[in-house]
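Heads up: the sequence lines are chains D and U, in that order.
Be aware that the first sequence starts at 1, since it is given in my numbering, and climbs by one per residue.
Be aware that the second sequence starts at 85, since it is given in my numbering, and climbs by one per residue.
A virtual CB, placed ideally from N, CA and C, is assigned to each residue, including glycine.
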Amino acid sequence: MKTFDYTITDEIGIHARPAGLLVKEAKKFKSLVTVTLGEKTVKASAMALMGLGAKKGSTITVNVNGEDEDVSAATIETFLKENL
Amino acid sequence: MKSGVFGVLQRIGRSFMLPIALLPVAGLLLGLGGSFTNESMIEAYNLQNVLGEGTALNAVLTVMREAGDVIFGNLPILFAMGIALGMAKKEKEVATLAAAVGFFVMHASIAAMVKIAVAGGKVFKDGQLASVVGLNSLQMGVFGGIVVGLGVAALHNRYYKKELPPALSFFGGTRFVPIVVTVAYVFVGILMYFIWPVFQQGIALIGEGMQSAGLVGTLIFGLIKRALIPFGLHHVFYMPFWYTEIGGVFPVKEMVDGAVQTVNVAGGQKAFFAELANMQLITHFNSDATQYFSGEFIFMMFGLPGAALAMYKCAKPEKKAVVGGLLLSAALTSFFTGITEPIEFTFLFVAPVLFVIHVILGGLAYMIAHALNVGVGLTFSGGLIDLALFGILPGNSKTSWIWIPIIGAIYFVLYYGIFTFLIKKLDLKTPGREEGDGEVKLFTKDDYRGRESGGAVSENKGDELSAIITIGLGGKANISDVDCCATRLRVTVKNENLVKQEILKGQTGASGVVCKGTGIQVIFGPRVTIVKSNLEDYLESPASDSPVIVSLKEEPKPAAAPSAAFTGNISSPLEGELIPLSEVPDDVFAGEILGKGAAVIPTVGVVKAPFDGTVTSVAETSHAIGITSDDGVEVLIHVGVDTVKLGGKGFSIKVKEDDKIKKGDILNEFDIALIKEAGYPVVTPVIITNTDDYTDVSNLPKGSVTFGQDIIEIK
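The following block contains the structure:
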């Protein structure tokens, strides 16, 4: 299990487009990805991620669990830094 | 609240296990020693020269008998220490010492009060007083131990980190615990002196009621004890009957200084062993005392193996080999040791009706044994080992053990017949009868090895199983406490919602899982002690911070497409011109990254619900809305492209998250002109975001559409 935090710097936050791209990244790997904001934890699906309502300044916690979790977590973290 | 009570009872139950696990050994010493120093037996077999008084062997056996007897005689203090040990959260050794202290102090205080009262002319009734650790105190039995154990544990958990002023700091922390216990139990002792006689009367009433209820009482006891097995609470239930006045008070003859005296012994099992220690003085063991266990031999040694045979015969031919190994080992475990859970749990969860039958037959077995005056004792459970020591060895004339195989034969046939009939009639999914090619529910050791050798990394087996259990329990951080009894891993978790029962059930080889709030029990059978110590070692190693199942082929990823039952069309939420998603001027939508679907260039600024369902998400900027149909189809309706940048301007959302919607309800209104003027395309993608759940999702041909007209086909 790999866990890391990321604070969103994008002006708009996780809306449809980045949510979709994030899910696309997560789906490249076998590991199960969940994202937590505050009390809410969701699986990495576009709809659920948008439902989190993560805005600029929100800190999300990403949890990756599975056989390729190391590389998966690294890829997702890179994606977040570049896009959000 | 209910689960809190369960959690506490579960911890009390497993706290009993340490002293109870001692009883087979104590029983072995007492059983061998008692039987072979029994004068009538020595005479019967003409063994005076070998075993008679004065021989070396007799001396050895006498020592064995006394060594075993002292354990049964001092169970209360052992329970006090065992419970304190089990219930203490940390620094358990301190709590254990404190429990011994508390026990001495309490009984010394009671003894002092008794002495004062006797000096003042008070007369105590027969059986009210007893010698407890050498003190002439009130007869509290193991209840005294429980009062001390639970109280000390509570004090310990509260005070073991207590900080005292600097001058007294030497007495702080864990050292404070025995001190506060000493003071507290002086008062508990005084209090007990006054209130315990009241309890004694109440308990005696229950015991008398139990005795006067006769065979019906035995039946009720048996039914309840069996029925509590799934909850793991049977230890808490039977214990008072075995060790206290609730089970009745029995006169037992004892040799004291060469003269025969009658003493009152409380509790069924204690009475049996008191009789065993003085076996030459009795003609037959008191079956009113053994009613709480003699019947167990019947269904544990004979009935349940019959059930196992029935399950084996009913298994599919191709699965018989695997199931046979499993059932045979479970049947032998029950036959020899009387540990029944491995068999019981093979049918308890998949076929509760069989368990109901088992409870009834089991309850009847207690009653039948009582009715036939069977007086066979046991230390722990009703297997061959105990039958040999406490039934056969003392001799049929004193135990009537011969009835056990006779009734047992009938029970074997009954279990076999009833189980076979019901399994076939109701098509119950006992092991080896599962649908399809699914793996037999319980893995045998061979399966396990096969899987292991197939894995790329040869981690040791214990570690791998521990990793799976850790994941199943929601990760290391979620585990607050690990313990076990004879067959179950008993775990307390912090958050029961993180527990993945399907992993615990399907991938650990466990025969069952019981979850009651934060109390989790995973049933492994007798090998649980090894599972537990491996798990503990594993949890202390750094590997447990990120458990990975290396050689498991299936990933613990949720199976795809569980909700893929839906096929059909999705109708348009908009009025306008239908185009394929690929023509939307945005690579995210056009590339189907969010899923497949269609797009509509709206001519009217209204979004209506395309089906009955629920609102799953609403964008803060009101431009997009996610809805889920009652059939499980997830749809995102994203008005315009890049319209998130409008910050909600031009939109008027009519619903909020979790709202129920009906087809045709207005969800969103928007100003087409405003969006266009701001420079954004107004084209609205309608996307099935859970496309992966379906075989295919495609848009219908281009053209103008109105509300409610089909635009997307789902297969």
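DSSP state of residue i mapped onto helix, strand, coil
{"i": "glutamine 285(U)", "result": "helix"}
{"i": "methionine 148(U)", "result": "helix"}
{"i": "cysteine 398(U)", "result": "helix"}
{"i": "lysine 509(U)", "result": "helix"}
{"i": "asparagine 130(U)", "result": "coil"}
{"i": "threonine 78(D)", "result": "helix"}
{"i": "valine 767(U)", "result": "coil"}
{"i": "glycine 681(U)", "result": "strand"}
{"i": "glutamate 425(U)", "result": "helix"}
{"i": "alanine 143(U)", "result": "helix"}
{"i": "serine 309(U)", "result": "The question names serine, but residue 309(U) is lysine in the sequence shown. Of the three classes helix, strand and coil, the one that applies to lysine 309(U) here is helix, per DSSP."}
{"i": "aspartate 780(U)", "result": "coil"}
{"i": "serine 465(U)", "result": "coil"}
{"i": "alanine 703(U)", "result": "coil"}
For residue i, the nearest candidate out of the options (CA to CA)
{"i": "leucine 432(U)", "options": "Tyr376(U), Ile290(U), Val598(U) and Asn618(U)", "result": "Val598(U)"}
{"i": "serine 418(U)", "options": "Val440(U), Ile469(U) and Ser656(U)", "result": "Ile469(U)"}
{"i": "isoleucine 737(U)", "options": "Ser119(U), Ile750(U) and Thr727(U)", "result": "Ile750(U)"}
{"i": "glycine 306(U)", "options": "Met384(U), Ile654(U) and Ile795(U)", "result": "Met384(U)"}
{"i": "tyrosine 28(U)", "options": "Leu462(U), Pro686(U), Ala183(U) and Thr554(U)", "result": "For residue 28(U) there is no data in the structure shown, the boundaries of chain U being 85 and 799."}
{"i": "leucine 477(U)", "options": "Arg98(U), Pro103(U), Ile126(U) and Ser99(U)", "result": "Ile126(U)"}
{"i": "serine 782(U)", "options": "Thr266(U), Ser221(U) and Ile796(U)", "result": "Ile796(U)"}
{"i": "isoleucine 759(U)", "options": "Val688(U), Cys569(U), Phe429(U) and Thr463(U)", "result": "Val688(U)"}
{"i": "glutamate 292(U)", "options": "Ile279(U), Thr483(U), Gly352(U) and Asp780(U)", "result": "Gly352(U)"}
{"i": "leucine 32(D)", "options": "His15(D), Ala54(D), Met47(D) and Lys43(D)", "result": "Lys43(D)"}
{"i": "alanine 196(U)", "options": "Ser221(U), Ala172(U) and Leu213(U)", "result": "Ser221(U)"}
{"i": "threonine 463(U)", "options": "Ser253(U), Ile491(U), Val270(U) and Phe381(U)", "result": "Phe381(U)"}
{"i": "tyrosine 243(U)", "options": "Ile607(U), Val178(U) and Tyr450(U)", "result": "Val178(U)"}
{"i": "asparagine 158(U)", "options": "Leu135(U), Leu219(U) and Gly409(U)", "result": "Leu219(U)"}
{"i": "alanine 16(D)", "options": "Phe4(D), Lys2(D), Lys28(D) and Lys55(D)", "result": "Lys55(D)"}
{"i": "aspartate 696(U)", "options": "Asp511(U), Lys744(U), Gly763(U) and Leu411(U)", "result": "Lys744(U)"}
Separation of residue j from residue i, as counted between CA atoms
{"i": "isoleucine 772(U)", "j": "isoleucine 587(U)", "result": "30 Å"}
{"i": "alanine 392(U)", "j": "proline 401(U)", "result": "16 Å"}
{"i": "glycine 459(U)", "j": "glycine 91(U)", "result": "35 Å"}
{"i": "serine 378(U)", "j": "glycine 422(U)", "result": "12 Å"}
{"i": "histidine 442(U)", "j": "histidine 368(U)", "result": "30 Å"}
{"i": "serine 564(U)", "j": "leucine 102(U)", "result": "20 Å"}
{"i": "valine 267(U)", "j": "isoleucine 161(U)", "result": "18 Å"}
{"i": "valine 347(U)", "j": "glycine 186(U)", "result": "27 Å"}
{"i": "glutamate 518(U)", "j": "lysine 799(U)", "result": "29 Å"}
{"i": "glycine 117(U)", "j": "leucine 107(U)", "result": "15 Å"}
{"i": "leucine 665(U)", "j": "serine 550(U)", "result": "48 Å"}
{"i": "glutamate 77(D)", "j": "tyrosine 6(D)", "result": "8 Å"}
{"i": "glycine 170(U)", "j": "arginine 95(U)", "result": "7 Å"}
{"i": "lysine 81(D)", "j": "alanine 238(U)", "result": "50 Å"}
{"i": "leucine 456(U)", "j": "tryptophan 487(U)", "result": "8 Å"}
{"i": "isoleucine 304(U)", "j": "isoleucine 494(U)", "result": "22 Å"}
{"i": "threonine 61(D)", "j": "glutamine 284(U)", "result": "58 Å"}
{"i": "glycine 624(U)", "j": "methionine 165(U)", "result": "Residue identity check: residue 624(U) is glutamate in the sequence provided, not glycine. Their Cα atoms are separated by approximately 26 Å."}
{"i": "leucine 730(U)", "j": "threonine 705(U)", "result": "8 Å"}
{"i": "tryptophan 326(U)", "j": "glutamate 69(D)", "result": "53 Å"}
{"i": "serine 413(U)", "j": "valine 265(U)", "result": "47 Å"}
{"i": "isoleucine 200(U)", "j": "phenylalanine 278(U)", "result": "13 Å"}
Exposure label - residue i; buried when at least 16 CB within 10 Å
{"i": "phenylalanine 505(U)", "result": "exposed"}
{"i": "serine 215(U)", "result": "exposed"}
{"i": "phenylalanine 255(U)", "result": "exposed"}
{"i": "asparagine 579(U)", "result": "exposed"}
{"i": "alanine 682(U)", "result": "buried"}
{"i": "alanine 373(U)", "result": "buried"}
DSSP beta-bridge partners of residue i
{"i": "valine 566(U)", "result": "Val575(U)"}
{"i": "isoleucine 366(U)", "result": "Beta-bridge pairing links isoleucine 366(U) to no other residue."}
{"i": "glycine 492(U)", "result": "In the DSSP output, where bridge partners are listed per residue, glycine 492(U) has none listed."}
{"i": "glutamine 585(U)", "result": "Note: glutamine 585(U) sits in no beta bridge, so no partner."}
{"i": "glutamine 605(U)", "result": "Arg574(U) and Val598(U)"}
{"i": "histidine 442(U)", "result": "Partner(s): none; histidine 442(U) has no beta bridge."}
{"i": "glutamine 345(U)", "result": "Glu338(U)"}
{"i": "lysine 43(D)", "result": "Thr34(D)"}
{"i": "histidine 722(U)", "result": "Ala708(U)"}
{"i": "alanine 48(D)", "result": "In DSSP, alanine 48(D) forms no bridge with anything."}
{"i": "aspartate 696(U)", "result": "BP columns for aspartate 696(U) are empty, so no partner."}
The ligand HEM heavy atom lying under 8 Å from the CB of residue i
{"i": "leucine 410(U)", "result": "The ligand HEM is not part of the structure shown, which contains no ligands of any sort."}
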